[in-house]
Each structure stands twice: as C-alpha cells, then as structure tokens.
Amino acid sequence: MSSSSSRSYSDSPCFGTDSIARTCWWGPILCRVLDPRSKNIKRWNRGVLLARGLALAVDPLFFNVMYMSTVQNGPPCFYMHFVLAIVLTVVRTCVDLVHLCHVWLQFRLAYVSSESMVVGCGKLVWDARAIASHNRRSFKGIWLDSFVILPVPQVVIWFVVPKLLKENGINLIMTILLVTYFVQFFAKLYHSIYLLKKLQKVTGYIFGSVWWRFNLNLLAYLIAAHCDMSTKCNLSLVCSEARCNNQHIQLASGKNLMGNQCGANLTAIRSFCLDEDGPYNYGIYLQALPVLSSNSLAVKILYPIFWGLLCLSSFGNVLAPTSNVLEVIFSICITLGGLALFTTLVANIQVFLHTLMATKKNVLLKHRDMVRWMKRRQLPLHLRRRVHRFERQRWAAMEGQDEMQLIKDLPDGLRRDIKRYLCIDLVKKVPPFQMLDDLILDNICDLVTPHIYGKGEKIIREGDPVQRMVFVVHGRVRRSQALNRGFIGTSMLQPGSFFGDELLAWCLRRPFIDRLPSSSATFVCVESIEAYCLDADQLRYITDHFRYQFAGDRLMRTMRYYSSNWRSWAAVTIQIAWRRNRTRTKGTVSRLMHNIGTESLLRHYAVYFMSLKPQDHLE
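Position 375, counted from 1, in the sequence shown is what the UniProt record's numbering calls 375; the numbers after and before it change by one each time, with no gaps.
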C-alpha cells in the first residue's frame, strides 16, 4: 500500500481506517476515494445488483423479436418486430450504462487488502493508485465487467439479423441468437454471484431484510423459468422451420423490418407445421406452438414464463421428448435445474417462514411443555388457570419476546442508551430520583428489569422479605396493611407509583445488616401489571457507588414523603390525632359518653401503637 495519511472512522470497528482524499487534475470530486461502507454506496450496490437481474431477464426477450406472421389473409412470414427491438435495445443499453458507471466507481472505492485478512477482518486500502492497479490486475474485476456489458445482442439484432433475413437464413439466425445468448448469459450469471459476494465482503450485507431475500429468490426462480421457455421457443422455431421444409412449405423472410411480404398459404402452414394434431411429433416443443401461432406480445412473454414455471416446479414431468438426442439432453438439464432451483426456493421460503414464526413457535412449545408438566404433577385446576392467564398476559404485553435477552449482547454503551430510552421517563416519575444526576439515573436504567404480574397476584406479602423495588408502568396495585382487631388499611397505587422502598433504608443503614427488611404491607394486583424492578443487590450496588447522593437528608425526607409505607403510617397518626382533638373540643358530656370516649381513645391508641412505623437511616 502506498504512503497515505490517516483519518478516523467511527462507524466500523472491523476494517482499518487509514485513508486519504487524493485529487487529480480533472477535479477533487471525481478523483476522491469513497468509503464502500457509506449508506449511499450501499444503496448504489443494491441498484446495481437489481440492474444485473434485469439484464438477465431482458436477454431472453431478444428471442421474441423474431416473429412468424400468422395473419389470416396474408402470407406467412418470418420477420423481425421493429418496435420490440427498439424497446429491448434501449432497456438493455440503459442497464449496461448503469453497470458501466459501477465499473468507473470501482476505481474510486477503497477495497479490502487480502494481506490484512490474516489478522482481524481486513483493512481498507485508500490509495488511488493502489486501487487502480488492483482493479486492472483482477480478471474478475474490470475484464469480466467489460465482457458482460458488451452489446452483443444489440449488434446481432441490428446488423446480423437483417442481412440474414434477406438471405432467408432462418435457421442460422436462431442459431446465432442462441449461441450469443448462452455465452453472455452464463458469464452474467457467474458475474452476478461474484459481485454479490464481493460486495458482502466489504459491507457485510446488501439486502439485510428477510423480505428482500424471499423476493430475490422468487425473482431468480421467475428469471430461470423465463430463460428456460424462451430457449425452448427459439429451438421450436428451428424445429418448425425443419418440419415445414420437409413438407415443401418454405418459410419466407420479410423484405423489411416492419412486416411480411412473402407468398404462401397460411392455412397449409397451420395444418401441417403448427398443428398439435398434425403428422409431426414436436416433443418438448409442443408447448411452444401457441406462442409461434400468436401475434400477441403479451402471450409471447407471459406464456413462456408460465410453462417455464410449470416445467421447473414439476421437475420436467410435463415434458415428453422424442428420441432426438438434443431434446433428451435439454430435458435432463431442465429436470436437474428445476430440482436445484425448486429445492433452493423451498428452503429459502422455510427460512423466511421460520424467521417470521420463530417467536410464536417457541412460545407454543414452551406452553405445551408447561401443560405437560402441570398434568404430570397433577396441579389443581385453579393453579392451571392462573398459569394460563399469566401466559396470555405476558404474550399480550411482550409478544413472546424477552427484551433483556435481545439487547444483552449489544455493546455496553448502546445497551445503556436503549434502556435509558425505555426507562428514563418512568424512573423520573419517582420523586426522590428526580433529585439524582444523569450518571446515577443511567446506572439505574441499566439495572432495572421488566416484570409482568397477573390480575390478583400478590407481589409482596406483609412480613415477607422485600427482594426488589418495583416501579409500576401500567395497571393498579392495592396496598393493604393489617392494623388492629381485624382492621385493615388500604390504598391504591396508580401507574408511576413505586413500592419496596424499605430496601433504600436498608442499603443506607450503617452498620449494614445482611438480613433483608420485612414488608410492612401486602401488595396485590388489581389488574394486569407491567413494571420495572430493581433487585436488592442492584440497588445496593447503586447506593454503595453513589452514596454521596443517597446519604443526603433532603433526598431521604423526599423518600419519606412519597413512600406508601410512611404515608399509611402518617395517615393513621393524623386520624388518631384529629379524633383526639375533636373529643377534647366537644365540651361538657355525660359520664356514659365520657366512658365511651375513653374506650374509643384507648382503641385509637392501640391502633397507633400497633401501626408499624417505617425505619430509615435518619433515625
């Protein structure tokens, strides 16, 4: 590689990024070396590959330029369709011009050095002289590109065919068309496969979507069917010319490109040459007779595609060859080619369907395994119903996908940004967390995990150790706390609320105690709940590394204000104080009422002392 300066590209960790922007005397834009990984180049590569596919589909249509006239009141004639020839020439030339631009672009694109593939995944060469030398020395590069865009069909149609038509060389015309077609067709086919692999070597992929892959395989199958039947129509013209000559009916050629000026009887030709029930056995060319006897361009294009698809899909079962060696060889090629193409198409369709249905299929398999397990363990009916209800709720919420598993293997920075996008709004709804800086919030978002709880499920029971802090995204949660003599205090948590904040005081307590704190209330799902949870170990990791933020009195007092536990305790205390104050301000009462008030006061004090006061590190 020639000497070059270096610049940094951050979009590809795979290839080396040594580069140079060279200029030349005809302008810096035309001579600038381009990055093959850029979006515009990737779009151009897709266009070039589609143009190559169009070129493969256009070439067989040159066979349809040759017409056998079947006008009822006119003489039969073999001539060239002028308008169709012009259209095909323009289309083929435009496609070749696209590829010619691609050839020029190769001298402006950096390439992967083969020497750098020993270690790593390759390094891009950016030197303009090295790129030009590399393309000139590559046989599969500039030379194969130049061969596949040679205007051979155009030259044959406009220079060779008119001359042979005047000499009535029908058999020679079809032979030349067939030979020139196959010479360039196989070269184009090989070149398209080589070009696809070459582009994938640098960019990694060209058509990344599964739909693209499916459509391209279907398009390749259609092109193969089109080429198959077009070749058969070409051979059938040669065969019909031989049959008519044997019957002493001479097929004449047109005097000009636009029409037919020949003398013969069309009825005789149809009855002896182009009749399916005639004296001659056309063999595999029998299906081409409707094409030969039709002047419709749509029939000449669509009918061969139909019969080509039928032949390939049936592996040649519809073919009935004669004892002619060429027919037998052609039938064998059609059978083997149809088997290979159809198998490839079916395999790609299976991959396509598997990609679309993989998630649903995995969920169904897990559900079936769960049903078998519950049946084997003889679980009661109400537990089975709860399991089925939870599976349906999880599918409705997550569509069978594990979000954390999908982003687990992503780079740390990308995964952190994704989880921040998903969770930051929810985390900021927690009032105490609004006081934290972005660094702590990013770490909290990176550690939270999504959870789903079904309707009626108990998330945490009173007295159980609190294992996680829960942030409610969707749904409502009922909080209930046993007070005294069967009294229960309840409250409702809406989306955006949180509970399990006992863990925060537990993490900040000094000296630290390994025993998890007990829950002071029971939390039950009123409806299906979607939530993000922060486990005890993860919350402890956050508080240990950012203790300077969590140790502040302001943050903890904010936690007290919004905590469901502190609010419930405060509500009980306020109610007792209010009732006590109301009793004091009543004035003179009877002794009986005084005794009743005393009993009520004692009951209130009992409730007050039985209501557990939350604890935190401020006390």
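The beta carbon of each residue, even a glycine, is placed where N, CA and C say it ideally should be.
This one's a predicted model, so the numbers in the text were calculated from it and none came from an experiment.
| Item | Value |
| --- | --- |
| Supposed close pair residue 496, residue 472 - CB separation, criterion 8 Å | 7 Å |
| Which listed residue (99, 231, 52, 364) has its alpha carbon closest to that of residue 392 | 364 |
| Residue burial classification, residue 588 (beta-carbon count within 10 angstroms, cutoff 16) | For residue 588, the pLDDT reaches just 45, beneath the cut-off of 50, and the residue's location in the model is therefore unreliable, although a value from the coordinates is still provided. With fewer than 16 other Cβ atoms within 10 Å, it is exposed. |
| Spatial distance of residue 226 from residue 308 (CA atoms) | 6 Å |
| Environment of residue 179 [buried if 16+ CB atoms lie within 10 Å] | exposed |
| Residue 530 - partner residues in DSSP beta bridges | 452, 474 |
| Coil, strand or helix - residue 86 by DSSP | helix |
| CB of residue 519 within 8 Å of CB of residue 475, strictly | no |
| Beta-ladder partner(s) of residue 125, from DSSP | 111 |
| Backbone CA spacing between residue 561 and residue 491 [nearest angstrom] | 15 Å |
| Beta-carbon proximity of residue 466 to residue 531, cut-off 8 Å | no |
| Simplified DSSP state of residue 34, which is helix, strand or coil | strand |
| Local Cβ density within 10 Å of residue 548, reported as buried at 16 or more and exposed below that | exposed |
| Beta strand (DSSP E) runs wholly inside the stretch 416 to 460, at least 3 long, in chain order | 449 to 453, 458 to 460 |
| Residue 249 versus residue 169: straight-line alpha-carbon distance, rounded | Interpretation of residue 249 is limited by its pLDDT of 46, a score under 50 that renders its predicted location unreliable; the figure taken from the coordinates is listed afterwards. Each residue's alpha carbon lies about 15 Å from the other. |
| Per-residue DSSP class, three states only, for residue 575 | helix |
| Option nearest residue 193 by Cα separation, candidates 574, 507, 220 | 220 |
| Proximity below 8 Å, CB of residue 448 to CB of residue 524 | no |
| Spatial neighbours of residue 156 in its chain, beta-carbon cut-off 7 Å, leaving aside the 5 residues before and after | 176, 177, 180 |
| Test item: CB-CB of residue 521 and residue 479 under 8 Å | yes |
| Spatial distance of residue 40 from residue 296 (CA atoms) | 41 Å |
| Reference residue 509; option with closest CA among 494, 552, 468 | 552 |
| Assumed close pair residue 124, residue 112 - CB separation to whole angstroms, cut-off 8 Å | 6 Å |
| First through last residue of the alpha helix (DSSP H) which encompasses residue 503 | 502 to 508 |
| Residues bridged to residue 498 (per DSSP) | 471 |
| Minimum C-alpha distance to residue 433 - residue among 92, 200, 218, 556 | 556 |
| Residue 110 and residue 183 closer than 8 Å at C-beta | no |
| Cutoff 7 Å; reference residue 164; Cβ partners in own chain excluding five residues on either side | 172, 173 |
| Residue burial classification, residue 228 (beta-carbon count within 10 angstroms, cutoff 16) | buried |
| First through last residue of the alpha helix (DSSP H) which encompasses residue 50 | 39 to 58 |
| Proximity winner among 80, 66, 104, 487, relative to residue 649 (alpha-carbon distances) | As displayed, the chain neither begins before 1 nor continues past 619, which places residue 649 out of reach and without an answer. |
| Under the three-state DSSP convention, the category residue 140 falls into | helix |
| Three-state secondary structure (DSSP) of residue 230 | helix |
| Cβ pair residue 107, residue 132 closer than 8 Å | yes |
| Rounded separation between residue 338 and residue 320 - CA only | 16 Å |
| Buried versus exposed call for residue 287 [16 or more other C-beta atoms within 10 Å across all chains shown] | buried |
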